[in-house]
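In the numbering used here, the protein residues as written are 238 to 515.
As structure tokens, the structure follows; a few thoughts come after it.
Structure, rendered in structure tokens:
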């Protein structure tokens, strides 16, 4: 019997946690092509983080699930479990019933929740590639993610880009299934990290982008010392604040993303001045 769905195994009702983990690992390590995704029933998808780019998460792979959504024939092949498939089923159910749908991403730090969320939204963005409005909306969503990641993610001992905040994102569709709006709320931000960074970890990314990547004249304008080790909050965790890669490029990308979502230079100066004071 297929192990795409652990709930369909003969001994599913008696499996303990260790047996479930072993089944997931065996499926993930299967050669030549392992599977990072496994269903447990019709409403739960387990995703293992491979910590590397996968062909199964490419746009070409997503388009196969888009084609699956559009193909209503009974002869179409059954596709493997994937976050694309979960997003497809949620969208189909919304279109059929008119009811709101929820995708909940949960797991330990570094388990890949943010990436799975991005892949789900990538699937939605490909459903109507001919619509310029849809494309513009999803581009703005991607830019907003860059801003949120800069202000709410940090390097931890578990992951180099760990999210330190919870997010609720609401993607809004009209009666024809077209994406017309998006709303993101952030909650439970780990504010204590600013003044009390755990040992061998880093503060929020944006502080290093600003301290390492902003032009000298901008740092002078914000009253910031040019030596990053002079910053009390960036040096007290014991993590070498200079061990950064591409902070200048990241700072430019952040400024561009902020502009794209409506935070132009005047607002950026106010925001960075506050960060500089911190």
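We put the CB at the ideal spot given by N, CA and C, even for glycine.
Ranking 403, 254, 496 and 398 by CA distance to the CA of residue 342 puts 403 first.
Taking 8 angstroms as the cut-off, the beta carbon of residue 257 is found no closer than this to the beta carbon of residue 284. For residue 418 and residue 331, the gap between their C-alpha atoms comes out near 16 angstroms. The C-alpha of residue 261 lies about 9 angstroms from the C-alpha of residue 272. Per the C-alpha coordinates, the member of 466, 447 and 469 positioned closest to residue 459 is 447.
The three-state reading of DSSP puts residue 484 in helix, counting H, G and I together. The region 391-410 and the region 433-443 touch, with no fewer than 3 CB-CB distances between them shorter than 8 angstroms.
Between the alpha carbons of residue 471 and residue 427 lies a gap of roughly 16 angstroms. The alpha-carbon of residue 485 is positioned some 29 angstroms away from that of residue 286. Excluding the 5 residues flanking it on each side, residue 244 has same chain C-beta neighbours closer than 6 angstroms at 277 and 278, in chain order.
Beyond the five residues adjoining it in sequence on each side, residue 307 comes within less than 8 angstroms, by CB distance, of no other residue in the same chain. At least 8 angstroms separates the beta-carbon of residue 298 from that of residue 363.
Residue 416 sits away from residue 422, with the two beta carbons spaced by 8 angstroms or more. Contact check for residue 281 against residue 380 fails: the beta carbons are separated by 8 angstroms or more.
Residue 504 has its alpha-carbon roughly 38 angstroms from the corresponding atom of residue 323.
Counting along the chain, residue 417 sits inside no alpha helix (DSSP H); it lies in the beta strand (DSSP E) bounded by residues 416-424.
Looking at 445, 240 and 413, the one whose alpha-carbon comes closest to that of residue 267 is 240. Rounded to the nearest angstrom, the gap between the Cα atoms of residue 414 and residue 301 is 19 angstroms. Cβ-Cβ distances below 7 angstroms link residue 510 to 459 in the same chain, with the five nearest sequence neighbours on each side left out; the list follows chain order. Going by beta carbons, residue 346 and residue 387 fall outside the 8 angstroms limit.
Straight across, the Cα-Cα distance linking residue 314 with residue 274 is about 18 angstroms.
The C-alpha of residue 514 lies about 51 angstroms from the C-alpha of residue 263. DSSP, read as helix, strand or coil, puts residue 409 in strand.
Boundaries around residue 306 are those of the alpha helix (DSSP H), 296-307, since no beta strand (DSSP E) includes it. 8 angstroms or more divides the Cβ of residue 489 from the Cβ of residue 384. Around the C-beta of residue 424, fewer than 16 other C-beta atoms lie within 10 Å, and the residue is accordingly described as exposed.
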